[in-house]
Amino acid sequence: MTAGGAAALLRRLPASRGASILADVPDRVAADILNALGVTPAAVRLVEAMTTRRARQVLEYVPPPVTAALLRATTDGRAERLLAGLSPAVRAQIAIAD
């Protein structure tokens, strides 16, 4: 299944179920799926439903402009913590993308 196909399926599920599924796939696969979702309410809900640790692992591989937009769109109060947990190289790219 392509990342786009998986994204279409996850879009229909409750965020908690989608996050549970993404917890069981490799980081890069989960990142590809988030990237395929783009900056949408479904993607934001998935990030918010992930544990902080898992969200950091996945966001390391999401393109920085998408990560920046997702973090800006979150409403769970974890954006700064998630950003702080990313690698310095990714944080620098997000600062540029902002």
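Residue 346 is where the sequence shown starts when you use this note's numbering, and the numbers rise one by one after that.
Backbone N, C-alpha and C define an ideal beta-carbon position, used for all residues, glycine too.
Quantities reported herein were computed from a predicted structural model and do not represent experimental measurements.
Could you compute how far the alpha carbon of residue 348 sits from the alpha carbon of residue 428? The residue you call residue 348 lines up with position 3 of the sequence shown. The residue you call residue 428 lines up with position 83 of the sequence shown. Each residue's alpha carbon lies about 24 Å from the other.
Report yes if the CB atom of residue 369 is closer than 8 Å to the CB atom of residue 393, and no otherwise. Position 24 of the sequence shown holds residue 369. Position 48 of the sequence shown holds residue 393. Result no, Cβ atoms of residue 369 and residue 393 do not sit closer than 8 Å.
Selection from 409, 437 and 418 that minimises the alpha carbon distance to residue 391: Numbered from 1 along the sequence shown, position 46 holds the residue referred to as residue 391. Nearest C-alpha to residue 391: 418.
Cβ-based neighbour list, residue 426, same chain, cut-off 8 Å, excluding 5 preceding and 5 following: Along the sequence shown, one-based indexing puts residue 426 at 81. 397, listed in sequence order.
Going by CA-CA distance only, name the one from 403, 410 and 388 that's closest to residue 358. What you label residue 358 is simply residue 13 of the sequence shown in a count that begins at 1. Selected option, being the one with the closest Cα: 388.
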